[in-house]
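Novice: My questions will all concern the structure given below.
2 protein chains.
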Amino acid sequence: MHHSRPYNAEPPPAALAGLPITPLDTFYGRNHGTVPELDPATWRLTVDGMLDRPLTLSLDELRATFPERTVVATLQCAGNRRAGLTRVRDIPGEDPWGPGATSTASWTGVRLADVLAHAGLRPGAAHIAFTAPDVNEQGGPREPYAGSVPTAKATSGEVLLAWAMNGRPLPLVHGAPLRVVVPGWIGARSVKWLERVTAQREPSAGYFQAVAYRVLPPEADPGTAGPGDGISLGPVALNSAILRPGDGERLHAGPVEVTGYAYAGDDREVARVDVSLDDGRTWAQAGLDRPDGSWAWQHWRLTLDLPEGRSAITVRAWDTTGAAQPEHACHLWNPKGYANNSWDRITVTCGA
Amino acid sequence: MHHSRPYNAEPPPAALAGLPITPLDTFYGRNHGTVPELDPATWRLTVDGMLDRPLTLSLDELRATFPERTVVATLQCAGNRRAGLTRVRDIPGEDPWGPGATSTASWTGVRLADVLAHAGLRPGAAHIAFTAPDVNEQGGPREPYAGSVPTAKATSGEVLLAWAMNGRPLPLVHGAPLRVVVPGWIGARSVKWLERVTAQREPSAGYFQAVAYRVLPPEADPGTAGPGDGISLGPVALNSAILRPGDGERLHAGPVEVTGYAYAGDDREVARVDVSLDDGRTWAQAGLDRPDGSWAWQHWRLTLDLPEGRSAITVRAWDTTGAAQPEHACHLWNPKGYANNSWDRITVTCGA
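Read top to bottom, the protein sequences are chains G and F.
full-length UniProt numbering applies: residue 1 is where the first sequence begins, and numbers increase by one.
full-length UniProt numbering applies: residue 1 is where the second sequence begins, and numbers increase by one.
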């Protein structure tokens, strides 16, 4: 638990290990404001902006109008593994998330593409913006949460407006009655407690799109960064982490199974995962589970023969372009602590 | 010039510097067999496989049937910057290409998507294969050159069958009378001297798709690697290089403009380029030229105040997912020497 209000909680790494689908009570929670309690009876979704036929829909109407779809998708916060950056240099005002700011669920809802086609997207509607009633309480302006994705992504079949998670009604903390699920993109775009979908010419001007969730250069002051500064995060970069054993754990020497996840956002896939006992001088290849569809993480596992004493275990992944993760968090440090995808490292101590 | 037969030639870095479009006589050449001299009068393109209406077309028929399109696209060999890997450990049988195994041209032809739509792709045609008459002379089987791309890429608007380059007839060494241009993917898929386009269920079984152009793990023996081993290269990973000054150059101390290119394949874009004089401890941001469309590299430039004596200059790029290039070639070494996208480094010596 990083905070109770706003609710921000990360499962311990071991709770994610080996599970293709994360249980509802384990799924990470990242929020910028107090969870809003919306009354499903009076809640309506507004679909407006550059459309031929703007819509206002109850949840029942949404479900009755469009075909139901289920997608297994990993969500990953842009601040996942920030702790590795915080160890390089302090990041004031941001929580030191470990590798558990990511989880995977089976999401059920309707395709945003179907809703937008029904509403009739007009030419020039290059972005689809999402608005929710939760008001930011964590620095920056006190404004409702908002974000957007380009229309090309919004109209791809995998983006859902979801009311169910792992076959159960969407829990309140995960966005009930309806949330957006944007597979392959940073979790910040999968807006919870969705109230409005707007087709527009420009990206959302909301704080969490225009100012936050951007990789600033190291010398920038996040307190004075303006709209448009830095690299706006969207698709999730290649990443991997060790989930078991835990960092600092004491074990018996001998064969130890090391396991974790690897994930490549949007249109990339994980191609190989390597594990090293000598900080990357030599590597052994881990076995890689088949992903649960195109939008899910992959768990990997390798049994290492650990000697007595301390062992440093390092993991890195390669993607389908032949690209590997970068080595050191020190070279990725940025003032808001986003997108740490350096090699993950843990240390364990083995007794006889 | 790496070889005259087969013709393999790389421009010196400075010849690429600052030019959005590479002149025809400077554009790199990478071939596995002798350049075939095809008679345009008798040459025909065969379009066959899982199609409703297979086609056989002369160049005039191709030009008369489909609308003409022009795309500016960077091509990049998977072996670009292999020299950085060769310095880590020898790579027998492969040439030590520098940063010049990449160039950019304006290509004119017809969309492969239009040709395939005309021929009527059948369900299950997941890959589009290309075959050419040039027979491999550089190790591996003596078979004609072949490769394929997934149908989703082949039917994207940017993939061309091109007969012109920079507004001039396509030179023989670049594939006349017709070549494929697959923007954002390794050059090996932009098959020259194209004779056949085949819609099929599986990727090409050709040597250069099934066995070569794959990132093998370091311990693998490329001589015994079988079809399907390693990571099949497709989209080009984020990369950058210094083009001027040259590695080892002697200069006068004081302000020196450093310039080069940065490139991110397929659907990624370059978001930032950093230059360092202390091997990455601190960085300054380079100015980045606007790309000539979605499929072109970007040139960058920064004026550094170089002291007397030796200076090591390092460059790295970030892409639109907030991912940066990895640090060291030693961690990317692979038996065929592909996909070196580690930070580029040069050394210069400055006099008074």
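We treat Cβ as the ideally placed atom computed from N, Cα and C, and that holds for glycine.
Quick caveat, the model's predicted, so the values are computed rather than measured.
(1) Measuring CB atoms only, is the stretch 130 to 142 of chain F touching the stretch 25 to 39 of chain F, in the sense that at least three cross pairs come out at less than 8 Å?
(2) Measuring alpha carbon to alpha carbon, tell me which residue in G:160, G:202 and G:184 is nearest residue 148 of chain G.
(3) Under the three-state reduction of DSSP, which class applies to residue 330 of chain G: helix, strand or coil?
(4) Does any CB atom of chain G fall closer than 8 Å to the CB of residue 327 of chain F?
(5) Using a Cβ-Cβ distance cut-off of 8 Å, determine whether residue 320 of chain G contacts chain F.
(6) Per DSSP, which residues does residue 350 of chain G bridge with? Please list them.
(7) Is the CB of residue 82 of chain F under 8 Å away from at least one CB in chain G?
(8) For residue 109 of chain F, I'd like the list of residues in its chain whose CB is within less than 6 Å of its CB, leaving aside the five on either flank, ordered along the chain.
(9) DSSP three-state label for residue 78 of chain F, please.
(10) Checking the sheet assignment: what are the DSSP bridge partners for residue 72 of chain F?
(11) Suppose only complete runs of 4+ residues qualify. What are the alpha helix (DSSP H) ranges in the stretch 186 to 214 of chain G, listed by chain order?
(12) Near residue 77 of chain G, what residues of its chain come up, given a Cβ to Cβ distance below 8 Å and the 5 sequence neighbours on each side ignored?
(13) For residue 341 of chain G, return the contacting residues in chain F, with the cut-off set at a CB-CB distance below 8 Å.
(14) Run down chain G in chain order and give the residues with a C-beta less than 7 Å from the C-beta of residue 144 of chain F.
(15) Would you give the residue range spanned by the beta strand (DSSP E) that residue 134 of chain F belongs to?
(16) Mind the definition here: the stretch 289 to 307 of chain G touches the stretch 16 to 27 of chain G only if three or more C-beta pairs lie below 8 Å; say whether that holds.
(17) What residues from the stretch 221 to 253 of chain F come within 8 Å of chain G, judged by C-beta to C-beta, listed N to C?
(18) Would you mind listing the alpha helix (DSSP H) stretches within the stretch 11 to 69 of chain F that are 4+ residues and don't spill past its ends, in chain order?
(19) When we look at the beta-carbon of residue 1 of chain G and count the other beta-carbons within 10 Å, is it buried (16 or more) or exposed?
(20) Beta-carbon of residue 265 of chain G versus every beta-carbon of chain F: anything under 8 Å?
(21) Within 8 Å (strictly less), CB to CB, does residue 24 of chain F reach chain G?
(22) Quick check: the Cα distance between residue 270 of chain G and residue 253 of chain F, rounded to an integer number of angstroms?
(23) Could you tell me whether the stretch 306 to 316 of chain G touches the stretch 65 to 72 of chain G, where touching means 3 or more Cβ pairs closer than 8 Å?
(24) Looking at the C-beta of residue 296 of chain F, does it have a partner C-beta in chain G at a distance below 8 Å?
(25) Just to confirm before moving on: does the CB-CB distance between residue 50 of chain F and residue 152 of chain F stay below 8 Å?
(26) Checking contacts by CB at 8 Å: is residue 280 of chain G closer than that to chain F?
(27) Under 8 Å, do residue 56 of chain F and residue 46 of chain F count as touching if we go by C-beta distance?
(28) Is residue 54 of chain F near residue 119 of chain F, with beta carbons less than 8 Å apart?
(29) Is the stretch 83 to 91 of chain G close to the stretch 190 to 208 of chain G, with three or more CB pairs under 8 Å?
(30) Measuring alpha carbon to alpha carbon, tell me which residue in G:320, G:11 and G:293 is nearest residue 266 of chain F.
(31) Could you list which residues in chain F have their beta carbon closer than 8 Å to that of residue 332 of chain G, in chain order?
(32) So with CB distances below 7 Å, who are the chain F contacts of residue 285 of chain G?
(33) Give the secondary structure of residue 243 of chain G by DSSP, where H, G and I count as helix, E and B as strand, and everything else as coil.
(34) With distances taken Cα to Cα, identify the nearest neighbour of residue 230 of chain G among G:248, G:209, G:278 and G:238.
(35) Around the C-beta of residue 167 of chain F, are 16 or more other C-beta atoms found within 10 angstroms, so that it is buried, or is it exposed?
(36) Leaving out five residues before and five after residue 24 of chain F in sequence, what residues of the same chain have Cβ atoms less than 7 Å from its Cβ?
Specialist: A quick look at the data gives this:
(1) With a cut-off of 8 Å, the stretch 25 to 39 of chain F and the stretch 130 to 142 of chain F count as touching, because enough Cβ pairs lie within range.
(2) G:202
(3) helix
(4) yes
(5) yes
(6) G:251 and G:309
(7) Interface annotation, residue 82 of chain F: not in contact with chain G, CB-CB separation never under 8 Å.
(8) Once the five neighbours on either side are set aside, the close Cβ partners of residue 109 of chain F are 160, 161, 162 and 163.
(9) coil
(10) F:106
(11) 207 to 210
(12) 28, 30, 97, 101, 102, 186, 187 and 188
(13) 323
(14) Neighbours of residue 144 of chain F on chain G: none; closest Cβ ~25 Å, over 7 Å.
(15) 127 to 135
(16) yes
(17) 231, 232, 233, 234, 235, 236, 237 and 238
(18) Runs of the alpha helix (DSSP H) lying entirely within the stretch 11 to 69 of chain F, each at least 4 residues long, are 13 to 16 and 59 to 65 in chain order.
(19) exposed
(20) yes
(21) Not an interface residue.
(22) 46 Å
(23) no
(24) no
(25) no
(26) Contact with chain F is found for residue 280 of chain G, since one of that chain's Cβ atoms lies less than 8 Å from the residue's Cβ.
(27) A contact, by the Cβ cut-off of 8 Å.
(28) In this structure, residue 119 of chain F lies closer than 8 Å to residue 54 of chain F by Cβ.
(29) no
(30) G:320
(31) 324
(32) 217
(33) Residue 243 of chain G falls in the strand class under three-state DSSP.
(34) G:209
(35) exposed
(36) For residue 24 of chain F, where only same-chain residues beyond five positions count, the Cβ hits under 7 Å are 165, 166, 168 and 171.
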